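This report refers to the structure that appears directly beneath it.
Number of protein chains: 2
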Amino acid sequence: MDAYLSAERAGTAAAAAPPGGAKAEDALVALTHLVDADLAACNRLILEQMQSPVALIPQLAAHIVAAGGKRLRPLLTLAAARLCGYAGARHVGLAACVEFIHTATLLHDDVVDESALRRGQASANALFGNKASVLVGDFLFARAFQLMVDDGSLKVLAILSRAAATIAEGEVLQLVTQNDTETTEAQYLQVIEGKTAALFAAATRVGAIVASRPVAEEEALDAYGRNLGIAFQLVDDALDYAAEQEQLGKTVGDDFREGKITLPVLLAYARGNEHERAFWRRTLEQREQAETDLPEAQALILRHGALRDTFARARGYGGAALAALGVFPPSAERRALEGIVAFCIERAR
Amino acid sequence: MDAYLSAERAGTAAAAAPPGGAKAEDALVALTHLVDADLAACNRLILEQMQSPVALIPQLAAHIVAAGGKRLRPLLTLAAARLCGYAGARHVGLAACVEFIHTATLLHDDVVDESALRRGQASANALFGNKASVLVGDFLFARAFQLMVDDGSLKVLAILSRAAATIAEGEVLQLVTQNDTETTEAQYLQVIEGKTAALFAAATRVGAIVASRPVAEEEALDAYGRNLGIAFQLVDDALDYAAEQEQLGKTVGDDFREGKITLPVLLAYARGNEHERAFWRRTLEQREQAETDLPEAQALILRHGALRDTFARARGYGGAALAALGVFPPSAERRALEGIVAFCIERAR
Numbered sequence: 000m001d002a003y004l005s006a007e008r009a010g011t012a013a014a015a016a017p018p019g020g021a022k023a024e025d026a027l028v029a030l031t032h033l034v035d036a037d038l039a040a041c042n043r044l045i046l047e048q049m050q051s052p053v054a055l056i057p058q059l060a061a062h063i064v065a066a067g068g069k070r071l072r073p074l075l076t077l078a079a080a081r082l083c084g085y086a087g088a089r090h091v092g093l094a095a096c097v098e099f100i101h102t103a104t105l106l107h108d109d110v111v112d113e114s115a116l117r118r119g120q121a122s123a124n125a126l127f128g129n130k131a132s133v134l135v136g137d138f139l140f141a142r143a144f145q146l147m148v149d150d151g152s153l154k155v156l157a158i159l160s161r162a163a164a165t166i167a168e169g170e171v172l173q174l175v176t177q178n179d180t181e182t183t184e185a186q187y188l189q190v191i192e193g194k195t196a197a198l199f200a201a202a203t204r205v206g207a208i209v210a211s212r213p214v215a216e217e218e219a220l221d222a223y224g225r226n227l228g229i230a231f232q233l234v235d236d237a238l239d240y241a242a243e244q245e246q247l248g249k250t251v252g253d254d255f256r257e258g259k260i261t262l263p264v265l266l267a268y269a270r271g272n273e274h275e276r277a278f279w280r281r282t283l284e285q286r287e288q289a290e291t292d293l294p295e296a297q298a299l300i301l302r303h304g305a306l307r308d309t310f311a312r313a314r315g316y317g318g319a320a321l322a323a324l325g326v327f328p329p330s331a332e333r334r335a336l337e338g339i340v341a342f343c344i345e346r347a348r
Numbered sequence: 000m001d002a003y004l005s006a007e008r009a010g011t012a013a014a015a016a017p018p019g020g021a022k023a024e025d026a027l028v029a030l031t032h033l034v035d036a037d038l039a040a041c042n043r044l045i046l047e048q049m050q051s052p053v054a055l056i057p058q059l060a061a062h063i064v065a066a067g068g069k070r071l072r073p074l075l076t077l078a079a080a081r082l083c084g085y086a087g088a089r090h091v092g093l094a095a096c097v098e099f100i101h102t103a104t105l106l107h108d109d110v111v112d113e114s115a116l117r118r119g120q121a122s123a124n125a126l127f128g129n130k131a132s133v134l135v136g137d138f139l140f141a142r143a144f145q146l147m148v149d150d151g152s153l154k155v156l157a158i159l160s161r162a163a164a165t166i167a168e169g170e171v172l173q174l175v176t177q178n179d180t181e182t183t184e185a186q187y188l189q190v191i192e193g194k195t196a197a198l199f200a201a202a203t204r205v206g207a208i209v210a211s212r213p214v215a216e217e218e219a220l221d222a223y224g225r226n227l228g229i230a231f232q233l234v235d236d237a238l239d240y241a242a243e244q245e246q247l248g249k250t251v252g253d254d255f256r257e258g259k260i261t262l263p264v265l266l267a268y269a270r271g272n273e274h275e276r277a278f279w280r281r282t283l284e285q286r287e288q289a290e291t292d293l294p295e296a297q298a299l300i301l302r303h304g305a306l307r308d309t310f311a312r313a314r315g316y317g318g319a320a321l322a323a324l325g326v327f328p329p330s331a332e333r334r335a336l337e338g339i340v341a342f343c344i345e346r347a348r
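Going line by line, the protein sequences match chains A and B.
In this text, residue positions in the first sequence follow numbering that gives the first Met the number 0: the first is 0, and each later residue adds one.
In this text, residue positions in the second sequence follow numbering that gives the first Met the number 0: the first is 0, and each later residue adds one.
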């Protein structure tokens with residue numbers, strides 16, 4: 000709870016979005032441009048390292064690795080290293096590690112959640128089956144560690160192996176709290192800190208490590224990544240109920256159909272009357288859902304200000320992420336990383 | 000194929016079983032006694048390291064880690080280190096790593112193969128569900144890397160991360176060749192070298208590394224473990240069709256029901272007539288199986304000497320494993336590791 004409270008305070012103190020009102024996607028484009036050559040090298044390394052004599056591995060990996068993802072996490076590693084004045088090439092390999100760990104998690108998450116679509120394409124799971132998704136995820140996870148071993152830093156290995164364990168803990172806790180409307184906000188925060196924020200924090204922290212910067216900068220980049228990751232996930236959980244998403248042609252209601260207990264639901268449940276709580280228990284605990292239930296869930300969430308307050312909470316964490324960058328002098332990299340806070344909060348899915 | 004041919008030659012040259020004709024289980028008991036205190040320390044570390052604030056993780060892990068497995072792989076690490084004259088304690092942590100990687104693989108394999116039973120108990124998958132098995136496997140895998148980082152040897156990390164990638168490749172290749180009666184013996188060997196022998200080889204090799212022994216001993220222990228692992232898996236694949244297993248109250252026919260293409264099947268298929276090959280295609284490729292099909296498969300395998308020849312092949316690899324130990328002077332540890340070759344070949348499941 001302390002982390003949350005301090006983030007809330009930071010949120011009121013710091014600017015919630017960078018000046019200029021640029022559209023959310025522009026910030027991502029700006030960051031991508033800034034580390035253009037590094038990202039190209041990272042993408043080459045990713046393609047090279049997912050090769051295997053077992054042809055199904057690159058086939059399946061290509062489907063998810065090369066499916067046009069934003070590469071947000073490796074971008075953070077690349078930019079964090081540059082922010083720290085790093086002039087070498089180690090950050091490229093570590094950015095690829097971070098993307099491999101993320102991809103392995105996605106593959107295992109697809110198995111877990113029986114989700115049919117990811118980024119609007121058929122999921123690897125639906126195309127190749129559960130078995131292959133689990134095993135190729137394992138391969139990519141092992142490859143990530145091989146890349147770290149090649150890099151040769153035990154400190155980096157410690158950070159990313161701890162992040163991997165924390166991600167798994169977050170995913171298991173999410174599974175345990177699924178379909179349980181009595182889940183507390185503290186448990187929900189523990190889930191998203193694990194499943195999302197831990198890798199964001201590790202991704203940015205290793206930028207300071209390759210640059211051999213003092214521990215204060217390491218911790219600042221960790222705090223930036225962690226708060227950014229929480230904000231990112233809060234927004235993701237809000238967008239799953241946002242009517243605007245439907246107008247953009249994006250899927251909504253995935254979390255609802257799976258019975259995931261996210262902050263918009265927790266807030267609406269806590270603020271609802273007994274009749275409404277019975278609705279949430281029927282749809283999310285007993286998983287008895289009719290056609291009209293998703294619109295009803297969206298209406299309840301809207302009525303109780305649960306979406307508005309989830310976004311406000313995300314802005315609070317975004318503010319904490321911005322504040323963490325304060326130890327670094329102004330630079331193009333710092334501006335780009337500040338822009339990413341706005342991107343994570345204002346983006347469509 | 001070279002490895003296989005040289006193993007065959009070694010098999011005719013070296014003794015297939017240690018003198019004394021001791022029963023198979025006795026060799027395992029002897030090895031366990033020899034490293035008794037180390038194994039106890041390893042078991043304590045395993046229990047300690049599988050803890051997590053997320054209660055389902057130790058619950059599920061306990062089901063498989065503490066289910067009374069033989070601990071064969073960590074025993075190999077402990078004995079190999081002692082064989083090399085190692086007097087420290089690092090081998091205990093690395094033995095725990097090896098067991099965690101093995102356990103993670105079992106958990107993911109349970110998901111993959113929808114197997115209902117493992118070691119006669121309900122599988123973690125059947126009890127806790129696919130989702131939890133995948134994620135707790137991920138947790139144990141990450142913990143294994145954290146333990147390696149604590150150990151601090153990049154050389155060990157390189158060996159075990161490469162083994163982890165090779166295991167995943169072997170498992171994916173098994174998936175690709177499943178239900179395909181045109182699978183070649185070379186492909187089958189690649190599968191079992193990946194899914195089983197790679198971890199045996201890494202488990203024994205790290206014994207030489209913690210003891211800082213010359214590369215010749217490292218390679219000897221690698222060869223011992225690799226050949227032992229292949230022999231172990233060949234026997235496992237033979238036992239799945241062995242009538243004696245049924246008399247011992249063990250399950251048979253798991254591989255048959257899943258359509259796994261193992262050496263007994265490959266040999267019987269190659270030696271069978273067109274009518275018999277149609278039987279194998281119907282049962283393993285089209286997966287159309289009736290009650291009487293398993294007994295029929297067993298009869299065909301017996302008639303063509305496929306079980307006998309699979310065991311002979313295992314003895315060949317066992318001979319190569321014994322020969323690899325030749326670089327070490329006689330010792331209680333060497334005798335115990337020689338005994339394990341006999342155990343792997345003569346054991347019931």
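Ideal Cβ placement from N, Cα and C applies to all residues, glycine included.
Model, not experiment: these values are computed from the prediction.
Interface flag, residue i vs chain A, CB-CB below 8 Å
i: Arg161(B); result: yes
i: Ala141(B); result: yes
i: Ala185(B); result: no
i: Ile63(B); result: no
i: Ala269(B); result: no
i: Glu170(B); result: yes
i: Val110(B); result: yes
i: Lys51(B); result: One point to set straight first is that residue 51(B) is Ser, not Lys, in the sequence displayed. So yes, Ser51(B) belongs to the interface.
i: Val175(B); result: yes
i: Ile191(B); result: no
i: Ala157(B); result: yes
i: Ala80(B); result: no
i: Ala202(B); result: no
Selected residue, minimal CA-CA separation from residue i, among the options
i: Lys259(A); options: Asn272(A), Gly325(A), Tyr187(A); result: Tyr187(A)
i: Gly228(A); options: Ser211(A), Leu265(A), Ala162(A), Ala215(A); result: Ala162(A)
i: Ala164(A); options: Thr195(A), Gly151(A), Val135(A), Ser152(A); result: Thr195(A)
i: His32(A); options: Pro57(A), Leu55(A), Leu71(A); result: Leu71(A)
i: Val326(B); options: Ala207(B), Glu98(B), Ala26(B), Asn124(B); result: Ala207(B)
i: Leu55(B); options: Thr309(B), Gly136(B), Met147(B); result: Gly136(B)
i: Ala141(A); options: Met49(A), Ala322(A), Glu218(A); result: Met49(A)
i: His303(B); options: Ala36(B), Glu275(B), Gln288(B), Ala320(B); result: Glu275(B)
i: Ser330(A); options: Lys22(A), Ile45(A), Ala79(A), Cys41(A); result: Ala79(A)
i: Asp308(A); options: Glu24(A), Pro263(A), Ala322(A); result: Pro263(A)
i: Gln177(A); options: Ala347(A), Gly338(A), Thr261(A); result: Thr261(A)
Cβ neighbour criterion (16 or more within 10 Å) applied to residue i
i: Ala222(A); result: buried
i: Gln246(A); result: exposed
i: Glu47(B); result: exposed
i: Pro294(B); result: exposed
i: Phe342(B); result: buried
i: Arg286(B); result: exposed
i: Ser211(B); result: exposed
i: Thr291(A); result: exposed
i: Glu183(A); result: Per the sequence shown, the amino acid found at residue 183(A) is Thr instead of Glu. Classification of Thr183(A): exposed, given that the 10 Å Cβ count is below 16.
i: Val64(B); result: buried
Anticipated Cβ contact below 8 Å, residue i with residue j, distance rounded
i: Leu198(B); j: Ile344(B); result: So it is not a contact: roughly 19 Å between Cβ atoms.
i: His90(A); j: Leu77(A); result: 6 Å
i: Glu168(B); j: Phe138(A); result: 6 Å
i: Ile158(A); j: Ala201(A); result: 5 Å
i: Leu30(A); j: Phe127(A); result: Wrong, their Cβ atoms sit about 32 Å apart, outside the cutoff.
i: Leu134(B); j: Ala95(B); result: Incorrect: roughly 20 Å between the Cβ atoms, too far for contact.
Chain B contact for residue i (CB, 8 Å cutoff)
i: Asp137(A); result: yes
i: Asn129(A); result: yes
i: Phe144(A); result: yes
i: Ala167(A); result: yes
i: His107(A); result: yes
i: Ala331(A); result: no
i: Gly151(A); result: yes
i: Leu46(A); result: no
i: Ile56(A); result: yes
i: Leu134(A); result: yes
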